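Position in the sequence shown counted from 1, then plus 128, gives you my numbering.
Yeah, the Cβ is synthetic: ideal placement off N, Cα and C, and Gly gets one too.
Just so it is clear, the structure is predicted and the values come from calculations on it, not from any experiment.
In what follows, a structure is listed as structure tokens, so that the remarks can point back to it.
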Amino acid sequence: MAEKEHQKLLLLGLSFSSALIAASVYLYKFHYFQINTALDIPKSYFKTRTLKGIALKIPDGDNLRLYHCPTLKSSWRIKNELKNIKTHPYNSSEKNIKPTQKLSEKTINVRLYGIDAPEIGHFGNKSQKFAVEAREFLQSLVLGKKLFILPLKIDIYNRVVAVVYIKNFWFFNRDISSEMIKAGMATIYEGRDIAYHSGLNSLVLEEMKAKSNKIGIWSQSKKNLESPRDYKTRIRKIKQNKI
């Protein structure tokens, strides 16, 4: 009897230890593990799990750099880690701090799903009309704020295409792609590689309203209006002709 009782206690102990290890692995993997770049996002997260973070940089009207904030990582530790990232917007007030980590190595490059914002000019090309306004509008929505993203796919530029939203209240999510479309600061993305999400149907309706009300980019005449996709096609042809 004593031997059987001993075996039962041993099995219970092993079961408890296994459960404790499994729980620890789960908590680390899903609530403490730091994701530094888009390519670090586990495949199991896509279309199933959201990530929380802070927007540190807005390159243009449909992209942002997100610093991942795991659920179990303390705000004190997050704040200290942010101080070591170059071009972090809050470093300007910290004169004694010399950032050592690159933004590209410590932030997730996020492409907003379903939309295409006017292009900022690069390599001597002129920016599209409303390109600067679109970037500034996106900055006003998200820069320095806590965001949630639902990863959908990785694009050809190694960015994660994602649903990006802010939680204003417990039961209300503010879709950032939707906000850009409603403000006339972006068009529906027209590429063949579009990442599907149920919110796309709403974006189409919101774009129709923005067009009808001539908001933002839709305030231009048809003669002057050039979609981001048409702009990129035109610039690509110019480059090809120079070769």
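Item, Value
"Option nearest N301 by Cα separation, candidates K370, L278, E335 and G319", "L278"
"Touching by the beta-carbon criterion (3+ pairs, under 8 Å), the region 237 to 254 and the region 200 to 210", "no"
"Reduced DSSP secondary structure (H/G/I, E/B, other) of K185", "strand"
"Beta-carbon proximity check, Y183 vs L275, cutoff 7 Å", "With the sequence shown as reference, residue 183 is identified as Ala, and Tyr is not the correct amino acid for it. Contact: yes."
"Residue interval of the alpha helix (DSSP H) (run including D358)", "P356 to K370"
"Integer Cβ distance of K214 from L194, believed to fall under 8 Å", "The pair is not a contact, with the Cβ atoms about 16 Å apart (cut-off 8 Å)."
"Residue environment, S305, which counts as buried when at least 16 other CB atoms sit within 10 Å", "buried"
"C-alpha distance - I206 paired with R177, whole-angstrom precision", "21 Å"
"Stretch-stretch touch, CB-based, cutoff 8 Å, three pairs: the region 318 to 325 with the region 235 to 248", "yes"
"Residues near L331 in its chain [Cβ-Cβ closer than 8 Å; skip 5 each side]", "G242, I243, S305, S306, I309 and I316"
"Where the alpha helix (DSSP H) through A290 begins and ends", "Note, A290: premise wrong, no alpha helix (DSSP H); beta strand (DSSP E) at V288 to F297."
"Coarse secondary structure for L353, derived from DSSP in three states", "coil"
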